[in-house]
Amino acid sequence: MTHSHASNLCLTFNDLTLGYGSHPAVHGLTGDIEHGTLLAVVGPNGSGKSTLLKGIAGLLTPMGGTFVHADACRMAYLPQQADIDRTFPATVFDLVSLGLWPKRGLLGRMTREDRESIKTALQAVGLNGFANRTIDTLSGGQLQRALFARVLLQDADLILLDEPFNAIDTKTVEDLLGVIARWHGEDRTVIAVMHDLDLVREHFPQALLLSREPLAWGETEEVLHPANLLKARRFNAAWDEQAEWCADHDHAQAHGNVHSLPSDRVA
Amino acid sequence: MSAYDFLIAPFADYAFMQRALLGGLLIAFSAAPVGVFLMLRRMSLTGDAMAHAILPGAALGFLIFGLELLPMTLGGLIAGALVAAGAGLVARMTVQKEDASLAAFYLISLAFGVMIVSLRGSSIDLMHVLFGSVLALNTQSLIMIGSITGMTILTLGIIWRALVAECLDPGFLRSVSALGPIVHFIFLALVVLNLVAGFQALGTLLSVGLMILPAATARFWTRTALSLCALAVALALLSVIAGLLISYHLAIASGPAVILAAGVLYLASLLVAPRGLVRSNLPKHRHKVA
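If you read the sequences in order, they're chains A and B.
So in this note's numbering, the last one in the first sequence is 267, and the numbering has no gaps at all.
So in this note's numbering, the last one in the second sequence is 557, and the numbering has no gaps at all.
In structure tokens:
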């Protein structure tokens, strides 16, 4: 399936600052992400990677700056720790079928094609024969596969994955990277927070190196240059209570205030 | 005594028993599924807290109008809604979690309620508000209970998918829809409505019993949300019938008899059900190779 769009930009950041309290976790991010980009967000712990994804997903209000979605951009967000109640009496089928929400909503009836597409999605992530397993019997890797199947069903233009390969074995990582490659082939935009730089080099054409400020952004080989990585390693994630108020934006007074968002932002 | 005398005659011979049966069955049909979701959302004690919270409203209605259905019901509804909304808002807008804010609000409400009842005087009045009387249900009460039952089942049918999503993966629901908080408050409203429907018959203290006990019992037997609801309804219906018969034959209070019947079903299931105490702790002698 290909997605055609009037403009080729999926996301535009303009001096975006996201954070908690008065402390920025992502500071002064400016740039564009084109449709069909496969981007890895890398950086040390606490460098703002997850915060950036939360911001894009609309779970955090920017402290400063703006970001703009393309119109009618359908988004799927897979958080680092999905707050799934594993004791809830649901099957893998039930969990994955939540991915039909954008299509069916609250009252739309599930059709035979929907059932077929759930089956196909389970096949695609290597969970054949798991449909009727209850979710409390799944391993961590199997649950992650099921969540990827759910993202598949969401049929999203923009897919946000927060450390999707944490504590996942190599076979599962390979399979799920295959799913990501397929999304990339379908011209969907994928942004994934990653820690394994070898995987990033091998599978992600573009990378963004964050350490609160964006250190480098572009072709993966250049971004992951040793000089950049050294800079990132020196990053100090601690908040400094004595830090001065940031003045190098024209919205300096707005740190701590909430900026109004442009109306075309899809929350 | 023949089986007919024991099982059928009390209902065939007395209009008050027929009304009690109809009221109890209606309550069972709507309270049990609500209880299933309370349990699945780990809010079983929330139901109990809400049952206490409706007391001052019912008591105020009672103080002003005496033992009249409508003012007591409306009062209970308003008090329950205030406590639910207050606790929910505090939890969403401050650092305090919902269990703490709800405890604070319901305790204030309960103390207020007991004070109001004590203004009126006799402890018999208090007993009536606290324990209700399923044997004194009149037509007006039955119409009200029936409407609440209809409304509850209809609403649950409409919000089912969102309610399941909100229980299973609230973060996901938030990422695809703004319905999460709305569904939460609709569900709390259903809890309050069903407690109010129950308190005429079972009293404010025990009306939560037909919600939670059948749901908790069903959990020992089955493992899908829909079958939990179906089984909980069946168990609640059985408890109502058994409780009324026991109450009739032994001349004991009907509310506690119904809830104790549900309690017996719970304890029996705990012992014999596949996911109960015994069978889930037996050593397993056989297992498959894959």
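Just so you know, even glycine gets a beta-carbon here, dropped at the ideal spot from N, CA and C.
As the structure is a prediction and not an experimental result, all values here were calculated from the model.
Alpha carbon to alpha carbon, how far is Ile420 of chain B from Gly510 of chain B? As a working note, residue 420 of chain B is residue 153 in the second sequence. As a working note, residue 510 of chain B is residue 243 in the second sequence. Approximately 24 Å, taken between the alpha carbons.
Enclosing alpha helix (DSSP H) for Cys73 of chain A [first to last residue]: For the purposes of this step, residue 73 of chain A is identified with residue 73 of the first sequence, where counting begins at 1. For Cys73 of chain A, no alpha helix (DSSP H) run applies, since DSSP gives it neither H nor E.
Return helix, strand or coil for Ser521 of chain B, following the three-state DSSP convention. Along the second sequence, read from residue 1 onward, the residue named residue 521 of chain B stands at position 254. In the structure shown, the three-state DSSP call for Ser521 of chain B is helix.
Quick one: list the residues of chain A neighbouring Val443 of chain B, beta-carbon separation under 7 Å, in chain order. Within the second sequence, numbered from 1, the residue matching residue 443 of chain B stands at position 176. The answer, in chain order, is Trp101, Pro102.
Quick check on Cys434 of chain B - is its C-beta less than 8 Å from some C-beta in chain A? Along the second sequence, read from residue 1 onward, the residue named residue 434 of chain B stands at position 167. Closer than 8 Å: yes.
Give me the DSSP bridge partner(s) of His23 of chain A. The residue given as residue 23 of chain A occupies position 23 in the first sequence. Beta-bridge pairing links His23 of chain A to A:Tyr20.
For Leu127 of chain A, report the span of its beta strand (DSSP E) as first-last. Indexing the first sequence from 1 puts residue 127 of chain A at position 127. Where Leu127 of chain A is concerned, there is no enclosing beta strand (DSSP E), given that its DSSP letter is neither H nor E.
Through-space distance from Leu312 of chain B to Phe93 of chain A, alpha-carbon basis: On the first sequence, position 93 is the one that residue 93 of chain A refers to. On the second sequence, position 45 is the one that residue 312 of chain B refers to. Going by the C-alpha atoms only, they are around 30 Å apart.
At what residues does the beta strand (DSSP E) containing Ala90 of chain A begin and finish? As a first step, residue 90 of chain A is located in the first sequence; it is residue number 90 there, counting from the start. In this chain, Ala90 of chain A is not harboured by any beta strand (DSSP E), its DSSP state being neither H nor E.
Which one or two residues does DSSP pair with Trp101 of chain A in a beta bridge? As a first step, residue 101 of chain A must be located in the first sequence, where it is residue number 101. Trp101 of chain A is not bridged to any residue.
For Thr170 of chain A versus Gln144 of chain A, is the C-beta spacing smaller than 8 Å? Residue numbering aside, residue 170 of chain A sits at position 170 when the first sequence is read from its first letter. Residue numbering aside, residue 144 of chain A sits at position 144 when the first sequence is read from its first letter. Between Thr170 of chain A and Gln144 of chain A, the gap from beta carbon to beta carbon reaches 8 Å or more.
Just to check my reading of the structure: Phe67 of chain A and Leu9 of chain A have Cβ atoms closer than 8 Å, yes? What is that Cβ distance to the nearest angstrom? Within the first sequence, residue 67 of chain A is the residue found at index 67, counting from 1. Within the first sequence, residue 9 of chain A is the residue found at index 9, counting from 1. The beta-carbon separation of Phe67 of chain A and Leu9 of chain A, rounded to 11 Å, does not stay under the 8 Å limit for a contact.
Cα-Cα separation, Ile426 of chain B to Leu153 of chain A: Taking the first residue of the second sequence as 1, we reach residue 426 of chain B at position 159. Taking the first residue of the first sequence as 1, we reach residue 153 of chain A at position 153. A direct Cα-Cα distance of roughly 21 Å separates Ile426 of chain B from Leu153 of chain A.
Suppose the cutoff is 6 Å on Cβ atoms and the five residues either side in sequence are ignored; what does the same chain contact list for Arg52 of chain A look like? Residue mapping note: residue 52 of chain A aligns to position 52 of the first sequence, counting from 1. As written in the sequence, residue 52 of chain A is Leu, which differs from the Arg given in the question. Around Leu52 of chain A, the same chain offers Val26 as residues with beta carbons nearer than 6 Å, after the five sequence neighbours per side are excluded.
Nearest neighbour of Arg234 of chain A, chosen from A:Glu213, A:Phe165, A:Ile159, A:Ala72 [CA to CA]: Position 234 of the first sequence, counted from the first residue, corresponds to residue 234 of chain A. Per the Cα distances, A:Glu213.
Chain A contacts from the segment 491–513 of chain B (Cβ-Cβ distance under 9 Å): Cβ contacts with chain A: Thr491, Ala492, Ser494, Leu495.
Closer than 8 Å to chain B by CB, Ala131 of chain A: Taking the first residue of the first sequence as 1, we reach residue 131 of chain A at position 131. It does not: the Cβ of Ala131 of chain A has no partner Cβ on chain B nearer than 8 Å.
Three-state secondary structure (DSSP) of Asn461 of chain B: Counting from 1 along the second sequence, the entry for residue 461 of chain B is found at position 194. In this structure, DSSP gives Asn461 of chain B a helical state, which the three-state scheme calls helix.
Going along the chain, which residues of its own chain have a beta-carbon closer than 7 Å to the beta-carbon of Ala326 of chain B, five neighbours each way excluded? Counting from 1 along the second sequence, the entry for residue 326 of chain B is found at position 59. So the qualifying residues of the chain are Gly380, Ile383, Val384, Val396.
Residues that Glu34 of chain A bridges to, as DSSP identifies them: Working through the first sequence from its first residue, we reach residue 34 of chain A at position 34. Looking at the DSSP output, Glu34 of chain A shares a beta bridge with A:Leu9.
With a CB to CB cut of under 8 Å and the five nearest residues on each side skipped, what residues in its chain are close to Val179 of chain A? The residue labelled residue 179 of chain A in the question sits at position 179 within the first sequence. Ala124, Val125, Phe148, Leu152, listed in sequence order.
Any beta carbon from chain B within less than 8 Å of Ser263 of chain A's own beta carbon? By one-based count along the first sequence, residue 263 of chain A stands at place 263. Note on Ser263 of chain A: pLDDT 38, under 50, position unreliable in the model; no value is reported.
Taking the continuous beta strand (DSSP E) assigned at Gln206 of chain A, which residues delimit it? Stepping through the first sequence from its first residue, residue 206 of chain A is reached at position 206. For Gln206 of chain A, the uninterrupted beta strand (DSSP E) run begins and ends at 206–211, by DSSP.
If you draw a straight line from the alpha carbon of Ala370 of chain B to that of Asn461 of chain B, how long is it in whole angstroms? As a working note, residue 370 of chain B is residue 103 in the second sequence. As a working note, residue 461 of chain B is residue 194 in the second sequence. Rounded to whole angstroms, the gap between the alpha carbons of Ala370 of chain B and Asn461 of chain B is 20 Å.
Quick one: measure Cβ to Cβ for Leu95 of chain A and Ala156 of chain A, integer angstroms, because I've assumed they're closer than 8 Å. Taking the first sequence and counting its residues from 1, the one referred to as residue 95 of chain A is at position 95. Taking the first sequence and counting its residues from 1, the one referred to as residue 156 of chain A is at position 156. Actually they do not touch by this definition, with Cβ atoms about 17 Å apart.
Hey, would you say Val193 of chain A sits closer than 8 Å to Leu230 of chain A, going by beta carbons? Numbered from 1 along the first sequence, position 193 holds the residue referred to as residue 193 of chain A. Numbered from 1 along the first sequence, position 230 holds the residue referred to as residue 230 of chain A. For Val193 of chain A and Leu230 of chain A, no; Cβs fall outside 8 Å.
Just the chain A side, please: which residues come within less than 9 Å of Gly302 of chain B by C-beta, in chain order? Along the second sequence, one-based indexing puts residue 302 of chain B at 35. Here the premise fails: no neighbours, minimum Cβ distance about 14 Å.
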